[in-house]
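In short: position in the first sequence from 1, add 6, done, that's the working numbering.
Backbone N, C-alpha and C define an ideal beta-carbon position, used for all residues, glycine too.
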Amino acid sequence: MPELPEVETVRRGLQELLVGRRISSIDCNWSKSFAAAGNQSLIGAAFREIRRRGKLLMLELDNEHTLLIHLKMTGQLVFVADNGLRFGAGHPSDSLVDQLPDASTRVIFFLDDARLFFNDQRKFGRIQLVANQEVPADSFLQRLGPEPLGPDFSKAGFGKALQRRSGTSIKAALLDQSVVAGIGNIYADEALWKARIHPDRRAGSLSPAELGRLFKAIPEVLQLSIDHGGSSDRNYVNAEGKRGAYLDFAAVFRRQGQSCPRCQSIIVKTRVAGRGTHLCPNCQRLFGSTVGLKR
DNA sequence: CACTTGACCTGTCCGC
DNA sequence: TGCGGACAGGTCAAGT
7 MPELPEVETV RRGLQELLVG RRISSIDCNW SKSFAAAGNQ SLIGAAFREI
57 RRRGKLLMLE LDNEHTLLIH LKMTGQLVFV ADNGLRFGAG HPSDSLVDQL
107 PDASTRVIFF LDDARLFFND QRKFGRIQLV ANQEVPADSF LQRLGPEPLG
157 PDFSKAGFGK ALQRRSGTSI KAALLDQSVV AGIGNIYADE ALWKARIHPD
207 RRAGSLSPAE LGRLFKAIPE VLQLSIDHGG SSDRNYVNAE GKRGAYLDFA
257 AVFRRQGQSC PRCQSIIVKT RVAGRGTHLC PNCQRLFGST VGLKR
């Protein structure tokens, strides 16, 4: 489930590996993954710049078009050099590059001296070809809220966006990409734990102190994850086919039954906003004070 | 309009 | 061992 840190990790890898390389042909075995796979204007086009907005990758080509790629739940973009040359750190056996293509491969971009695999077990991911001048009008991009690691993410604007979603849970509000771009299930749980806010609190009910803690926690957990190469729960790998290590540092996600790193209470898993939700029942309370209750 | 639910998909796991 | 069903969770469309 690639979220902002995972997509950003892929972006950095592709920026190093892809820019300047040219598409020689494209294979696609699931047309819904890439409806424009047969477009002849792609042949001979080179990658110019790799950008990201929220969870959306934007691969700008030198033919006045951009590939918009959303990995959704199980999408992967993996670069494999034809000569077997390894890129980046880590042992080659950590990577799945030797096993590609596999049953989840939907699209292969053949480059002059390499291949780029788009793998997607559950087929939810999408590759779109969009003219550069149409990119700003893309409906998904239009609805995105601010980048949480960028200068446009302000406490005042965040508070206003939460008021707009005041009747729903704070967890649902964090998952709403129009409030903040790029947060998914993992980082919603981690940020709420760090800010000591129960996921089922109403989004409009936060005190100024709670709003301040959450506003600070969001970029902190995202940046920490980027520093560890993102989270690999099941499918996620970076552009070199390698897994991320952030879940080794996560406080609550997939840690039900273990001890809260802050108060040693047992972490529980519940359901909020239709999603599996992990929290510390002592640090994150719906009612009442935690004073004197820590152990 | 605000909010919730189901659809899109496949692989894995659990109970019988 | 096999089988049905629940579950995983990002986004959009449809429903309340």
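Proximity below 8 Å, CB of residue i to CB of residue j
i      : j      : result
GLU12  : ARG58  : no
ARG249 : SER265 : no
GLY235 : ALA251 : yes
VAL16  : LEU83  : yes
ILE75  : LEU65  : yes
GLU216 : ALA201 : yes
TYR168 : VAL141 : First, the residue type needs correcting, since residue 168 is Leu and not Tyr in the sequence shown. No, these two residues do not count as a Cβ contact at 8 Å.
GLY190 : GLU9   : yes
VAL25  : HIS71  : no
Delimiting residues of the alpha helix (DSSP H) encompassing residue i
i      : result
GLY19  : 10-24
GLN229 : 214-233
LYS275 : Unbroken run through LYS275 is the beta strand (DSSP E), 274-278; no alpha helix (DSSP H).
PHE164 : 161-170
GLU196 : 191-200
SER145 : 145-149
Run of the beta strand (DSSP E) containing residue i, from where it starts to where it stops
i      : result
ASP126 : 120-126
VAL81  : Position check: residue 81 holds Gly in this sequence, whereas Val was assumed. Segment 81-87, the beta strand (DSSP E) holding GLY81.
ARG57  : 53-59
HIS284 : 281-285
Backbone CA spacing between residue i and residue j [nearest angstrom]
i      : j      : result
ASN45  : GLY81  : 22 Å
VAL103 : LEU155 : 31 Å
LEU181 : SER213 : 20 Å
PRO157 : LEU62  : 19 Å
PRO98  : GLN148 : Legend: pLDDT at PRO98 = 49, less than 50; position of this residue unreliable, value from coordinates given subsequently. Taking the straight line from one Cα to the other gives about 40 Å.
ALA95  : SER211 : The pLDDT assigned to ALA95 is 44, lower than 50, so where the model puts this residue is not dependable, and the model offers no usable value.
PRO107 : PHE123 : 7 Å
SER271 : GLU196 : 16 Å
GLU22  : ASP233 : 17 Å
GLN127 : ALA109 : 8 Å
GLY188 : GLU226 : 14 Å
ALA178 : SER101 : 34 Å
LYS129 : VAL86  : 21 Å
DSSP bridge partner residues for residue i (one or two, in chain order)
i      : result
ARG112 : According to DSSP, which records beta bridges pairwise, ARG112 is partnered with nothing at all.
GLN183 : Bridge partners of GLN183: none, in fact.
GLU66  : GLU55 and THR72
CYS269 : Beta-bridge pairing links CYS269 to no other residue.
ILE133 : ILE75
ILE29  : LEU117
Would you say the stretch 197-207 touches the stretch 271-291, given that touching needs at least three Cβ pairs under 8 Å? yes
Checklist entry - Hey, is the stretch 252-269 in contact with the stretch 169-178, meaning 3+ C-beta pairs nearer than 8 Å? => result no
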